[in-house]
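Data block below; observations after.
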Amino acid sequence: MKHYLPAGSTGSPPYALEVTPETAGWTYSALRVLELDGSHTFDTGSYETLVLPLSGSCRVACDGETFELQGRRGVFSRVTDFAYVPRDASVTVTGRGRFALPAARCENRLRARYGPAEDVPVELRGAGQASRQVNNFCTPAAFEADKLIACEVITPGGNWSSFPPHKHDEDRPGESVLEEIYYFEVAAAGRSAGVGWSGETGSAGVGRSGETRPAAMAYQRVYGTADRPIDVLEEVRTGDTVLIPHGWHGPSMAVPGYDLYYLNVMAGPSPERAWLICDDPAHAWVRGTWEGQETDPRLPLSSTTERET
């Protein structure tokens, strides 16, 4: 399995990114990023799916229902509305922009629904330099789904998130098995508009395959246990993806001057749809240091109101 997928390395038009259980080497979690200027129809098959605007707005038609998604200029500018579409459905998306399609293979067919931005719980997690914003738009307590769990995390420049490192790869009390996808976007701090597929270009340098890479960057760490090794430390930029089949993951590091966004997509075999994690015992003590620390005053970076440029 390739755990790091640079932007443009997978998918074909109109999909800029396409991760399926077959390409990831697992069973449940999937993600596509749809680049759209017009209309596109797809079948969900055995997957429940969300239509989540990354930038732009659209209309979603499914099962005789039509949902108008206001969307947003970019992932740092607003908490967005979204649509849920069930398995075994034909879906037509009409609009202009980039849209994430998080998905999970599931058994039960639920009804198509609209998710208003105003109903998305926004959580400020951690403290000090571990402060981050979590948009819990499709977590178990916030929105009904059969298998799919998804949320957005925004980390101000210079802060660390997904920390302490944690895992969810064993079926035991306090921990559930979840396959996870991290999709990243990075932008110069405070720039809420106009962050497109290539992010902030600047003097980007050259990537591994010779392509020009956006200048805005962050870092992602994943490491394994003694019996299930995995070793990932990647410089990530807008459009990059990291797959986490197992192991400790974190920190996600936003370098000074650049805000970090990532979309988490999770699903697993448990009949209970729950995000149950275990901290790495070597670093769990860090949580105790947050007591008495203030949340980063830059947070929240976004709300349901579109940020001014």
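Read the sequence shown against this note's numbering and you will find it ends at 628, with the numbers running on by one and no gaps. Just so you know, even glycine gets a beta-carbon here, dropped at the ideal spot from N, CA and C.
Below-8 Å beta-carbon distance, residue i vs any chain C residue
i, result
"T339", "Absent from the structure is chain C; it holds one protein chain and no more."
The alpha helix (DSSP H) enclosing residue i, as first and last residue numbers
i, result
"P405", "Taken as a continuous stretch (DSSP letters only), P405 belongs to no alpha helix (DSSP H), as it is neither H nor E."
For residue i, the three-state DSSP class (helix, strand or coil)
i, result
"Q448", "helix"
"D438", "helix"
"P421", "strand"
"P340", "helix"
"G607", "helix"
"A335", "strand"
"W479", "strand"
"R428", "coil"
"E387", "strand"
"A633", "This structure does not reach residue 633, given that the chain is present from 320 up to 628, and the question cannot be answered."
"S374", "strand"
"A534", "coil"
"F462", "coil"
"H359", "strand"
"T413", "strand"
"V453", "strand"
"H602", "coil"
"Y502", "strand"
"S348", "strand"
Residues near residue i by beta carbon distance below 6 Å, same chain, minus five either side
i, result
"T368", "V404, L420 and A422"
"F503", "V555, D559 and Y581"
Range covered by the beta strand (DSSP E) that runs through residue i
i, result
"A469", "I468 to T474"
"M572", "W567 to A573"
"D550", "D550 to V555"
"D275", "Given a span of 320 to 628 for the chain in the structure shown, any question on residue 275 remains unanswerable."
"Q539", "A537 to Y542"
"S495", "Segment: none, S495 is in no beta strand (DSSP E) and carries neither H nor E."
"I563", "T560 to I563"
Residues of its chain near residue i, where Cβ-Cβ distance is below 8 Å and the 5 sequence neighbours each way are ignored
i, result
"A603", "P483"
"L429", "E367, Y403, P405, E463, A464 and D465"
"C597", "H485, K486, H487, E489, G493 and E494"
"W609", "G445, A446, G447 and A449"
"V605", "A449, F482 and P483"
"E613", "A446 and G447"
Sequence-distant residues of the same chain with beta carbon closer than 7 Å to residue i, five excluded per side
i, result
"L620", "F395, Q452, I473, P475 and D578"
Anticipated Cβ contact below 8 Å, residue i with residue j, distance rounded
i, j, result
"E354", "P372", "With a Cβ gap of about 12 Å, E354 and P372 do not count as contacting."
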